[in-house]
Every structure is written in structure tokens, then in C-alpha cells.
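Asks: Every letter in the sequence shown is one number past the one before it in numbering that gives the first Met the number 0, and letter 306, counting from 1, is 305.
Backbone N, C-alpha and C fix where the C-beta goes; we use that ideal spot for every residue, glycine too.
A quick note: this is a predicted structure, and the numbers were derived from the prediction, not measured.
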Amino acid sequence: MKEKILLINPPEVPGYVSDKDKAGGLGIAKPGAPFRLTTAPLDLLYSAAVCEREGYDVAIIDAHNLRLGQPETQKIITECAPFLIGIRLSLPSLQKDIEFSNQLKAFFPQVSFFLFGNVILPTFNEWKEEAAAEFVLWGEPEAILPDWLRDFSKETLPRGVLSLKRNPVSPNPQEWVFMSNPTDLPFPAWHLLPFEQYVPLMHTRKGEGYLFFLLASRGCPRGCSMCPYHVTQGSRWRNRSPGNVVDEMEYLQKEMGAELVQFRDPNFAFKQSWALNVCKEIVERGLSMPWTVELEIEYLTKETIRCLAEANCMRIMTGVETFDEETLKSIGQKGKSIIQKIMENLQYCREIGLEVQFFYIIGFETDSWREIKNRLKMAKVLGGDFSASILTPYPGTKYKDEAKQKGHFNRNVVTSDFNGFTPVVHTAHLSQRDLLFAYNYFVDALTIYHSRSWASPGATIFKKVRNRFGYVKRILLFLPRFVLFQYKLLREDRP
0 MKEKILLINP PEVPGYVSDK DKAGGLGIAK PGAPFRLTTA PLDLLYSAAV
50 CEREGYDVAI IDAHNLRLGQ PETQKIITEC APFLIGIRLS LPSLQKDIEF
100 SNQLKAFFPQ VSFFLFGNVI LPTFNEWKEE AAAEFVLWGE PEAILPDWLR
150 DFSKETLPRG VLSLKRNPVS PNPQEWVFMS NPTDLPFPAW HLLPFEQYVP
200 LMHTRKGEGY LFFLLASRGC PRGCSMCPYH VTQGSRWRNR SPGNVVDEME
250 YLQKEMGAEL VQFRDPNFAF KQSWALNVCK EIVERGLSMP WTVELEIEYL
300 TKETIRCLAE ANCMRIMTGV ETFDEETLKS IGQKGKSIIQ KIMENLQYCR
350 EIGLEVQFFY IIGFETDSWR EIKNRLKMAK VLGGDFSASI LTPYPGTKYK
400 DEAKQKGHFN RNVVTSDFNG FTPVVHTAHL SQRDLLFAYN YFVDALTIYH
450 SRSWASPGAT IFKKVRNRFG YVKRILLFLP RFVLFQYKLL REDRP
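1. Hey, how far is the Cα of TRP453 from the Cα of THR446?
2. Just the Cα atoms here: how many angstroms apart are ASP96 and PRO9?
3. Need the endpoints of the alpha helix (DSSP H) that GLY242 sits in, please.
4. So what's ASN311 in DSSP terms, helix, strand or just coil?
5. So what does VAL176 bridge to, in DSSP terms?
6. Can you tell me where the alpha helix (DSSP H) holding GLU401 begins and where it ends?
7. For TRP290 and chain C, any beta-carbon pair shorter than 8 Å?
8. Taking DSSP as the reference, what is the three-state secondary structure of ARG490?
9. What is the residue span of the beta strand (DSSP E) that GLU65 lies within?
10. Would you give the residue range spanned by the alpha helix (DSSP H) that ASN276 belongs to?
11. When DSSP labels each residue in this structure, what does ILE27 get in the three-state scheme?
12. What is the C-beta distance between ASP264 and ALA310, in whole angstroms, given that I count them as a contact (C-beta under 8 Å)?
13. Rounding to the nearest angstrom, what Cα-Cα distance links GLY222 and GLN232 in this structure?
14. Determine the DSSP secondary structure at GLY497, reduced to helix, strand or coil.
15. By the 10 Å Cβ neighbour count, where 16 or more other Cβ atoms means buried, how is LEU489 classified, buried or exposed?
16. For SER386, name the three-state secondary structure that DSSP assigns.
17. From the DSSP output, read off the bridge partner residues of ILE84.
18. Grouping DSSP H, G and I as helix and E and B as strand, with all else coil, what is TYR393?
19. From GLU325 to TYR398, what distance separates their C-alpha atoms?
20. Note down the Cα distance separating TRP189 from SER179, rounded to an integer number of angstroms.
21. Quick check: what's the CA-CA separation for LEU345 versus PHE262?
22. Considering only DSSP beta bridges, list what ASP18 is partnered with.
23. Nearest-angstrom Cα distance between PHE112 and VAL135?
24. Restricting to Cα atoms, I'd like to know which of SER415, LEU375, THR321, PHE436 is closest to SER92.
25. Among the candidates GLN109, LYS340, VAL118, ARG87, whose CA atom is the shortest distance from the CA of PRO227?
26. Of all the options ASP18, LEU434, MET248, which has the alpha carbon lying nearest to the alpha carbon of ALA32?
27. Measure the CB-CB distance between LEU286 and GLU249 and report whether it falls below 8 Å.
28. Please name the residue in PHE322, LEU353, ASP183, VAL355 whose C-alpha comes closest to that of GLN339.
29. Could you check what DSSP says for VAL118 in three-state terms: helix, strand or coil?
30. Grab the span of the beta strand (DSSP E) containing ILE361 for me, first residue to last.
31. Enumerate in chain order the residues of its own chain whose CB-to-CB distance from GLY362 is below 6 Å, with the five nearest sequence positions on each side excluded.
32. Out of TYR347, SER224, GLU247, which has the shortest C-alpha to C-alpha gap to ASN299?
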């Protein structure tokens with residue numbers, strides 16, 4: 000009989016809705032939002048896959064999405080009777096995750112526990128004394144688990160496995176273990192998730208079909224000062240072979256029923272020759288499934304854009320962040336030349352029918368009420384779908400060090416505040432309270448601008464009336480915020 004390994008995605012923190020795969024695997028969490036399903040982190044699914052490949056019986060408890068508390072989780076653990084349990088940690092829920100792990104360890108003292116997740120790299124010293132688990136994985140778990148499991152009983156621990164009982168000294172961040180050749184990995188163990196309960200999750204809100212995530216490359220050498228991917232995935236770009244990537248796409252479509260794939264690479268087209276080869280492989284195999292990617296649109300050639308569209312890429316997601324030249328330069332980008340290139344490539348994408356979604360950030364050092372107004376104006380010019388977040392000084396980033404040096408960092412924050420939507424710094428012009436207001440104003444104003452669908456040609460009379468009523472209602476609710484923003488703008492402009 001095979002020995003059992005259990006991997007657990009801890010419960011959601013009450014009052015938040017989180018996505019633990021975002022922000023370089025650190026996770027994001029929106030306070031006050033209603034609960035919704037989010038897919039299990041890919042590193043958890045990869046961990047399950049490599050454990051299976053080593054000959055173990057593996058189960059996953061997704062307490063987060065299945066809304067399981069400690070009693071329900073304990074019941075499942077008792078039924079599974081594992082010899083090893085892994086708990087996946089994330090940043091916004093870090094304290095709760097540690098508490099959850101400690102409670103389970105107290106209830107199952109005979110079982111060995113290990114902790115894993117990218118959040119361990121920049122935060123280990125803050126909680127290592129609190130954790131009751133025996134082991135911590137210092138690196139990407141899928142790169143560490145195989146060597147450990149091949150001789151689990153051995154006293155000498157392999158590279159990347161830390162004993163919380165034997166290793167009081169903090170490990171060197173330079174020794175964080177990365178998966179050097181991701182092509183060697185098995186595909187993520189989607190089959191271990193309870194799909195009958197995941198159906199609402201897997202179907203996209205836009206009705207595009209059953210969505211699966213895919214990681215084709217890791218790391219980003221760009222090194223933008225505020226980006227957590229540069230910290231958690233490293234500065235070396237690591238890619239899978241184009242054939243291996245498309246093999247997984249075919250597997251997801253044929254075996255798992257995927258109708259849409261979202262690539263979770265931090266910068267899919269960092270090496271455009273590789274991205275072109277992936278596209279060519281998709282075309283040669285006749286794979287018709289649509290997919291989306293996140294990349295830097297400003298660096299793309301027209302050939303790359305055209306090949307993406309020909310290979311059924313339906314949407315590019317790209318970070319604009321801001322349009323202020325000095326701010327762009329301060330985070331490691333090129334200012335005006337980037338903005339011009341974005342506009343050129345955006346126009347070409349629209350000419351060939353490729354959707355573009357933009358990411359914006361509120362809270363840069365130079366942000367003022369006037370700058371927020373200018374950013375909103377340019378965002379309206381760009382158009383397209385969008386998402387926005389509040390600049391977060393993620394642990395380990397250059398930006399966090401800079402915010403501390405300038406005295407802009409709030410030292411009273413807790414880990415749950417590092418969520419992408421809660422201000423934990425102030426700028427040279429705006430307080431933390433101002434930043435929250437500016438973020439909400441930006442999102443509401445841009446949403447209203449993009450929701451003028453009542454004027455769309457081809458809509459039925461009923462739909463036009465209904466949409467126009469909703470549009471007017473949103474404007475009325477937004478009006479007090481608009482008036483207050485104009486007042487703040489006037490005060491700022493006074494000499």
C-alpha cells in the first residue's frame with residue numbers, strides 16, 4: 000500500500016477574497032469583497048504531481064475554495080491517515096496560515112508537517128520561532144520534494160529542506176532553490192481537485208469557457224523595483240520547451256475539458272523568439288483553443304503580435320502602471336519611449352482583433368491628485384478592459400527598502416495588509432487615506448466610462464433601457480466621490 004501525502008491550501012481569511020497565485024505566488028486579497036472561488040495555487044498542484052511521480056498516494060485539501068474550517072479539515076486528515084502533510088502559505092493570510100498549521104500539528108503530533116510557498120523567502124525570520132511544523136521548504140517545492148521523498152528517512156536533509164528544530168540560523172536567500180529546467184516537471188495535478196465543486200470556478204465570468212492556468216516560463220530579468228516576481232521567481236528567465244508547453248495545452252483541452260488557458264508567466268514574451276516558437280507549435284498542431292498571456296506590450300514586434308493572434312491568443316494583459324515619465328524611470332522603465340510604443344502596438348492589436356487588458360497602479364512616490372487625474376485621462380484614451388491595485392511594498396522588493404528609507408512606510412501594518420488593495424505607505428503628496436480614496440475614485444471613474452454600453456449599436460430596446468438605467472444609477476452613486484475629488488484637486492492647485 001502506498002504511503003499517503005496530504006497537501007493543504009489553508010482557509011480563506013474572513014472578510015477577504017484572495018487569489019494566492021497572484022503577486023509572484025505571495026497572493027493578493029481584497030478586503031470587504033464577497034467570497035468567490037479562485038483556483039488552487041500552481042505550486043501546490045505541481046507539488047502534488049511530483050509526489051505522485053515519486054510513487055506516493057497524494058490528496059489535496061483545498062480548504063480555501065471549499066470553505067472548510069479546522070474541524071472539517073481534521074476529519075479529512077483522520078480519514079486519509081497521511082504520514083506527511085504540506086501547508087501552503089501566502090502573504091495576506093500568513094499569520095492565519097501559521098496558526099492553522101500549528102493547530103493541525105497539535106491535533107496530529109505523529110504526522111510530519113512541512114511548510115512551503117514563495118512567501119517563505121522574504122518573511123522566514125518573522126515567524127520561524129512560532130511555527131510548530133518540523134520542516135520548511137527553502138525554494139520552489141517541485142524542485143525540492145523529489146530528492147527529499149526518495150530517502151525521507153535519511154538523517155541528512157537534501158538541499159532546500161530546513162529543519163525548524165535543527166536549523167536556528169537563518170538560511171541565505173541566495174540558496175533559495177529554483178527549478179532549473181521546468182520542462183522536466185509533470186503537468187500540474189488538476190485531477191486531484193474536486194471538479195464537481197469547482198465547476199463555478201472553472202467557468203469564466205465572461206462566459207468564455209472552462210479556464211485553466213498554465214506556467215510556461217518563470218523569472219523576469221527586468222527587475223522593476225516594486226515587482227514581487229523578481230523576488231520570488233528570480234532574475235533568471237527559465238522556460239519550458241515549446242513542444243512541452245503545447246503538450247500541456249492539448250492535455251488540458253482533451254483530458255480536463257479546458258476551453259480557455261491563461262498563461263501565468265510573469266513575462267511570456269521576454270524572449271520573443273521562444274514565444275514565436277510556441278505560437279508556431281500551436282498553429283502546426285491545429286490547436287484552436289483560445290488563450291491569454293501577460294507580457295510587456297511595449298517590447299513586442301509586429302511579427303510577434305501577429306503570430307500571437309494567428310495562434311488563437313485572444314487577450315494580452317499588460318502593465319502600464321503610470322504615464323508619468325519620471326515615475327517610470329524610477330521603477331526601472333524607459334519613460335516616454337515606452338508610452339509611445341504602447342500606443343503603437345495597441346493600435347496594431349486592435350487592427351488584427353487582439354484584445355488588450357491594462358494593469359494600473361495607484362500610490363507611486365510622485366502621485367498627487369493632479370497625477371491621478373492625468374492617469375485617468377490617459378487610461379480613458381487607451382480604453383480596453385483594466386484592473387487596478389494599490390502599490391504594495393512587498394517584502395524583499397527594492398521599493399520596500401526605498402519606502403522605509405524615505406519614512407513613507409507604515410511600521411504598524413500586519414501581514415494581511417500586504418494584499419494589493421490596502422495602502423501601507425504614503426507618497427510625497429498623498430496620505431494612506433488619500434491613496435485609498437484615489438484608488439476607489441480611479442476604479443469607479445474608469446468603470447463608469449467603460450460601461451456606456453447602453454449606446455452600443457445592435458442592442459435591443461429593452462437592453463438599452465436597462466443598461467442606461469444602470470449607467471445613470473452608477474453615476475449618481477459616484478457623484479459625491481467626484482465632487483470630493485474635484486475639491487481635493489482645487490486645494491492641491493492653490494499656491
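Replies: Put simply:
1. As a working note, residue 453 is residue 454 in the sequence shown. As a working note, residue 446 is residue 447 in the sequence shown. Any reading at TRP453 must be qualified, since the residue scores a pLDDT of 45, below 50, and its modelled position is unreliable; the value itself is stated next. Answer to the nearest angstrom: the Cα atoms are 14 Å apart.
2. If you number the sequence shown from 1, residue 96 lands on position 97. If you number the sequence shown from 1, residue 9 lands on position 10. Answer to the nearest angstrom: the Cα atoms are 6 Å apart.
3. Start at 1 with the first residue of the sequence shown, and residue 242 comes out as number 243. Its alpha helix (DSSP H) spans residues 241-254.
4. In the sequence shown, counting from the first residue as 1, residue 311 sits at position 312. If DSSP states are grouped into helix, strand and coil, ASN311 belongs with coil.
5. Within the sequence shown, residue 176 is the residue found at index 177, counting from 1. Partner(s): GLY138.
6. Reading the sequence shown from its first residue, position 402 is the one you call residue 401. Where GLU401 is concerned, the enclosing alpha helix (DSSP H) stretches over 397-404.
7. Here chain C cannot be found, since the structure has a single protein chain.
8. Within the sequence shown, residue 490 is the residue found at index 491, counting from 1. The answer is helix: DSSP assigns ARG490 an H, G or I state.
9. For the purposes of this step, residue 65 is taken as residue 66 along the sequence shown, with counting starting at 1. Strictly speaking, residue 65 in this sequence is Leu, with Glu absent from that position. Element bounds for LEU65: n/a, residue is neither H nor E.
10. Walking along the sequence shown from the start, residue 276 turns up at place 277. 271-284 is the span of the alpha helix (DSSP H), which, as asked, contains ASN276.
11. Numbered from 1 along the sequence shown, position 28 holds the residue referred to as residue 27. Of the three classes helix, strand and coil, the one that applies to ILE27 here is strand, per DSSP.
12. Taking the sequence shown and counting its residues from 1, the one referred to as residue 264 is at position 265. Taking the sequence shown and counting its residues from 1, the one referred to as residue 310 is at position 311. That pair is no contact at about 15 Å.
13. What you label residue 222 is simply residue 223 of the sequence shown in a count that begins at 1. What you label residue 232 is simply residue 233 of the sequence shown in a count that begins at 1. Using only the alpha carbons, I get a separation of about 11 Å.
14. The structure shown does not extend to residue 497, since the chain spans only 0 to 494, so no value can be given for it.
15. Stepping through the sequence shown from its first residue, residue 489 is reached at position 490. Classification of LEU489: exposed, given that the 10 Å Cβ count is below 16.
16. In the sequence shown, the residue the question calls residue 386 occupies position 387. Looking at SER386 - three-state DSSP - the assignment turns out to be strand.
17. Locating residue 84 in the sequence shown gives position 85, counting from the first residue. According to DSSP, which records beta bridges pairwise, ILE84 is partnered with LEU5, PHE112.
18. Stepping through the sequence shown from its first residue, residue 393 is reached at position 394. Reduced to three states, the DSSP call for TYR393 is coil.
19. Stepping through the sequence shown from its first residue, residue 325 is reached at position 326. Stepping through the sequence shown from its first residue, residue 398 is reached at position 399. Near 15 Å, if we compare the C-alpha coordinates of TYR398 and GLU325.
20. For the purposes of this step, residue 189 is taken as the residue at position 190 of the sequence shown. For the purposes of this step, residue 179 is taken as the residue at position 180 of the sequence shown. Distance between the alpha carbons of TRP189 and SER179 is about 23 Å.
21. Numbered from 1 along the sequence shown, position 346 holds the residue referred to as residue 345. Numbered from 1 along the sequence shown, position 263 holds the residue referred to as residue 262. Rounded to the nearest angstrom, the two C-alpha atoms are 20 Å apart.
22. One-based indexing of the sequence shown puts residue 18 at position 19. Looking at the DSSP assignment, ASP18 forms a beta bridge with ILE27.
23. Against the sequence shown, residue 112 aligns to sequence position 113. Against the sequence shown, residue 135 aligns to sequence position 136. Their Cα atoms are separated by approximately 9 Å.
24. One-based indexing of the sequence shown puts residue 92 at position 93. Measuring from the Cα of SER92, the nearest candidate turns out to be SER415.
25. Start at 1 with the first residue of the sequence shown, and residue 227 comes out as number 228. Of the candidates GLN109, LYS340, VAL118, ARG87, the one whose C-alpha sits nearest the C-alpha of PRO227 is VAL118.
26. Translated into positions along the sequence shown, residue 32 becomes position 33. Of the candidates ASP18, LEU434, MET248, the one whose C-alpha sits nearest the C-alpha of ALA32 is ASP18.
27. As a position in the sequence shown, residue 286 is number 287, starting the count at 1. As a position in the sequence shown, residue 249 is number 250, starting the count at 1. Contact: yes.
28. Reading the sequence shown from its first residue, position 340 is the one you call residue 339. Considering only alpha carbons, the answer is PHE322.
29. As a working note, residue 118 is residue 119 in the sequence shown. DSSP places VAL118 in coil when its eight states are reduced to three.
30. In the sequence shown, residue 361 corresponds to position 362, counting from 1. 354-361 is the span of the beta strand (DSSP E), which, as asked, contains ILE361.
31. Taking the sequence shown and counting its residues from 1, one reaches residue 362 at position 363. Hits under 6 Å: ILE389, LEU390, LEU434.
32. Within the sequence shown, residue 299 is the residue found at index 300, counting from 1. Sequence inspection shows Leu at residue 299; the Asn mentioned does not correspond to that position. Nearest option by C-alpha distance: TYR347.
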